[in-house]
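Residue numbers (this note's numbering): 108 to 393.
A short worksheet on the structure shown next.
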């Protein structure tokens with residue numbers, strides 16, 4: 108199984124090209140190209156007119172270093188209710204994210220559903236309009252299980268793709284050639300007794316083609332290292348073995364790395380790599 112991690116921390120510290128070189132030195136096989144800054148930084152390189160040249164330079168650097176782009180993560184939120192201005196801007200970025208994925212050699216672009224939309228609304232207003240871009244660039248779009256937070260109840264509550272039933276309802280409305288599932292294990296484990304990561308893995312089966320791996324206290328979205336929180340990983344390993352999961356193990360534990368001072372974040376990523384190799388050994392060797 109290929110081991111990957113989001114590129115965000117290293118690319119912010121060293122830039123795109125030196126960031127992927129750093130991940131290769133640490134030992135990662137692949138990287139998940141993180142595009143959050145497209146929505147957060149007005150002059151992010153991926154928002155500029157010359158983004159294709161930037162992508163080609165990054166692809167060349169990664170190829171020379173021997174590290175793959177296995178998947179990407181588009182900016183978010185993908186839509187906002189009753190905010191036409193935002194929705195117009197972000198849709199262009201989402202379409203561009205699909206092209207960027209192709210330019211970098213990735214297979215899957217993770218695009219969040221709108222948390223508060225039904226499956227039909229997400230299909231009609233978000234994913235089907237993006238399908239032509241997926242077709243054009245030969246990239247699969249992965250939906251991700253999300254969560255909302257109830258201030259009244261003081262806990263995470265289900266929303267789009269949170270439960271197996273709703274995730275499958277979303278996928279059933281879309282072309283399976285171009286739409287697949289990315290399971291965020293941390294998100295799944297935040298929702299208490301109503302769902303678990305293992306349950307979602309089994310329900311999604313072969314539709315599960317990407318992972319976001321991180322830990323938390325099973326109540327809040329920590330995005331920290333596995334084994335630094337309260338998730339029981341044994342049922343997760345068992346479920347992945349059961350469905351013969353054929354994708355990569357991709358970390359999304361950036362907030363855990365950012366807890367360390369900048370001078371220690373590289374070393375923290377070295378530890379994350381070691382954890383990943385251990386997890387793969389547990390998945391592949393029962």
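Where is the CB? At the ideal position from N, CA and C, for every residue including glycine.
Note that the structure is predicted; figures quoted are calculated from it, not measured.
Here residue 332 is actually not in contact with residue 292; their C-beta atoms are around 13 Å apart, not less than 8 Å.
In this model, residue 349 and residue 147 are separated by some 39 Å (Cα to Cα). Contact annotation: residue 233 and residue 221 have beta-carbon atoms nearer than 8 Å.
A contact between stretches requires three or more CB pairs, one per stretch, nearer than 8 Å, and the stretch 175-187 meets this requirement with the stretch 124-141. Around residue 193, the same chain offers 187 as residues with beta carbons nearer than 7 Å, after the five sequence neighbours per side are excluded. Sixteen is the threshold: when 16 or more other Cβ atoms of the shown chains lie within 10 Å of the Cβ of residue 266, as they do, the residue is buried. The Cβ-Cβ distance between residue 250 and residue 288 falls below 8 Å. About 6 Å separates the Cβ atoms of residue 166 and residue 212, confirming a contact at the 8 Å cut-off.
Boundaries for residue 301: no alpha helix (DSSP H) harbours it, and the DSSP string shows neither H nor E there. Between residue 170 and residue 238, the CB-CB gap reaches or exceeds 8 Å. In the displayed model, residue 352 falls within coil according to three-state DSSP, outside both helix and strand. In this structure, the alpha-carbon of residue 225 lies about 13 Å from that of residue 279.
The Cβ-Cβ distance between residue 330 and residue 362 falls below 8 Å.
Annotated three-state conformation of residue 317 is strand, per DSSP.
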